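K.L.:
Numbering (full-length UniProt numbering), first residue to last: 1 to 635. Positions of the beta carbon are idealized from the N, C-alpha and C atoms, including for glycine. These numbers come from a predicted model, not from an experiment.
Right, here's the structure in full:
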């Protein structure tokens, strides 16, 4: 390591640890360096190593004699289709599509934008880019044209890979008109678009620019993986930014491979041949890490699910998939299980399925409220592990460690509301406004002491200044997560929400996450949000928004009164809610995060920033009418 930190014992131990973990990767050229600094003042892992991510995910397992093992399972309740691909079959598809891209003049270092629904071709396109050493940028299928254009202009892809449509529960979403409009808006014009035609809706192609996936695939040949440097980018993944301009998080190849292999075994307890299901979308970081890359690198079978946790066809959908494919670990967002609990509060549908292979449930993406934690524990009798990470880190910052003393992986005791302990390599500290570490149990800013472990972001694409100002400058020597929380006396980390979700009521700093926790404990509450709204007298006051479970007969007025009193009893009079509204649904992103900032803006009469990631824009109209009716919105 080229700086003074090498004298610190902890850092040297960390380097030795990751050096040993790197030996589990089948490199083309073994790295001689472990940790080094680069020309932007950031850290590189295994800088002189060479490898290929597609090779590690596919070819390596075939060489080990696992070619016939199932690699990818596609389950689509919205179309009724199911497919399985062995490692051999998936490698053939990927190696041929890499040739398709090569024929469109895509080569190492070029960017390829992927705008796809949850179909096997999305994963095939990602792995094909990795095989060529091209850099993919996956944009969630169905994103609005303006947002897609912004990403096209930032990444400047040589080619775009898309599909004719996406399929929701009750509708078909044409993708091609959105893509055409985005290219019209964008300054950068991709040379080629490759379109996978789905039978539900065929898209018209622009002559000279657009190509039919199948036509190109039919004449392609399998090509070998291209060696890339450990520090070469694998992908760019755009995440929402506070400025309105999305941030392109860059992930490298080498550190990513080491982190993915390490986490599959040590965070998720997965062994070669196990079946792992991350119920997410390839457009999100969870889909990148734990639908496509990590399970395949670890020699597992992975599931790509085109459906919802409810209404495809019912709230037993997840349990059906787990039973049918003998899933060993399920990873999803808390919002999915809150939706399931709302539809099936007694968990009756769980009893319809054989979940004997399911060992653990993992939740992330948003804080797991204790009510959902206890509901899952009670209804499934399985370990429920909340863990915490970010798009920027690419894998878990904190989780509950697994022990193998009994011969099987078993988690240490978990605590409701806690994301567990910092994972190896993430040196998490809680800092006050001056950057000083606070005492156990005291809330503050959650920060990670540098260096970060392998697999974390390399930079923000085309914007080093934003990378440094957004994450590094506030507390020199630390990466600032943007989340607030505390570490208790036992070392458990509690993430209480984004730092801007702490509200100041008459000089008292209150966590909206803590208030949400109290509301969610009530047996009638399916999910809730608490936001701080402007008050002339107190600065801010909390407002509660609550969605009620199906089958609850109490009146909204009686429930609101009961919930307000519960906040006063459990937290104190200073936290008393100005109002509590019973609503039909909360505005969320497609990954399940509640749009608290948008709610605050609506109620305070500010200009509303509706993120491109919103699941259903109609909910904003519903809530706007509700707020006006209840006279919460300024006149």
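1. Just to confirm before moving on: does the CB-CB distance between residue 53 and residue 250 stay below 8 Å?
2. Can you confirm whether the region 133-141 touches the region 225-237 when touching is taken to mean that 3 or more C-beta pairs between the two stretches lie within less than 8 Å?
3. Flag this pair as yes or no: are the beta carbons of residue 90 and residue 68 separated by less than 8 Å?
4. Could you give the distance in angstroms between the alpha-carbon of residue 34 and the alpha-carbon of residue 256?
5. Which complete beta strand (DSSP E) runs does the region 60-144 hold, if anything under 3 residues is left out?
6. Give the DSSP bridge partners of residue 29, in chain order.
7. Counting only runs that start and end within the region 567-602, where is the beta strand (DSSP E) found for 3 or more residues in a row?
8. If you draw a straight line from the alpha carbon of residue 72 to that of residue 628, how long is it in whole angstroms?
9. Measure the C-alpha to C-alpha separation of residue 319 and residue 522 and round it to an integer number of angstroms.
10. Does residue 282 come out as helix, strand or coil in the three-state DSSP assignment?
11. How is the alpha helix (DSSP H) around residue 266 delimited, first residue to last?
12. Using three-state DSSP, classify residue 270 as helix, strand or coil.
13. Counting C-beta neighbours from all protein chains within 10 Å, is the total for residue 85 16 or more, i.e. buried, or is it exposed?
14. Would DSSP call residue 302 helix, strand or coil?
15. Find the nearest neighbour of residue 484 within the set 15, 462, 442, 284, judged by alpha-carbon distance.
16. To the nearest angstrom, report how far apart residue 97 and residue 116 are at their CA atoms.
17. If you draw a straight line from the alpha carbon of residue 496 to that of residue 512, how long is it in whole angstroms?
18. So, for residue 243: in the same chain, excluding its five sequence neighbours on each side, which residues have a beta-carbon less than 7 Å away from its beta-carbon?
19. With DSSP as the reference, please indicate the residues paired to residue 275 in a beta bridge.
20. Check whether the region 116-126 and the region 148-156 touch, using three or more Cβ-Cβ pairs below 8 Å as the test.
21. Spell out a yes or no on whether the region 45-65 and the region 16-36 are touching, meaning 3 or more CB-CB pairs, one atom from each, closer than 8 Å.
22. Check this for me: beta carbons of residue 398 and residue 428, under 8 Å apart or not?
23. Would the beta-carbon of residue 423 fall within 8 Å of that of residue 267?
24. So, does the region 198-213 touch the region 163-183, judging by three or more C-beta pairs under 8 Å?
25. Could you work out which residue in 516, 465, 405, 487 is closest to residue 445 when comparing CA atoms only?
26. Please name the residue in 92, 153, 316 whose C-alpha comes closest to that of residue 222.
P.N.:
Per the coordinate set shown:
1. no
2. yes
3. no
4. 14 Å
5. 70-76, 81-86, 111-116, 135-140
6. 50
7. 579-583
8. 49 Å
9. 25 Å
10. coil
11. 254-266
12. coil
13. buried
14. strand
15. 442
16. 15 Å
17. 8 Å
18. Caution is warranted here: a pLDDT of 48 is assigned to residue 243, below 50, making its placement in the model unreliable, and the coordinate value is therefore given only provisionally. Cβ neighbours of residue 243 beyond the five flanking positions: none.
19. 301
20. no
21. yes
22. yes
23. yes
24. yes
25. 487
26. 92
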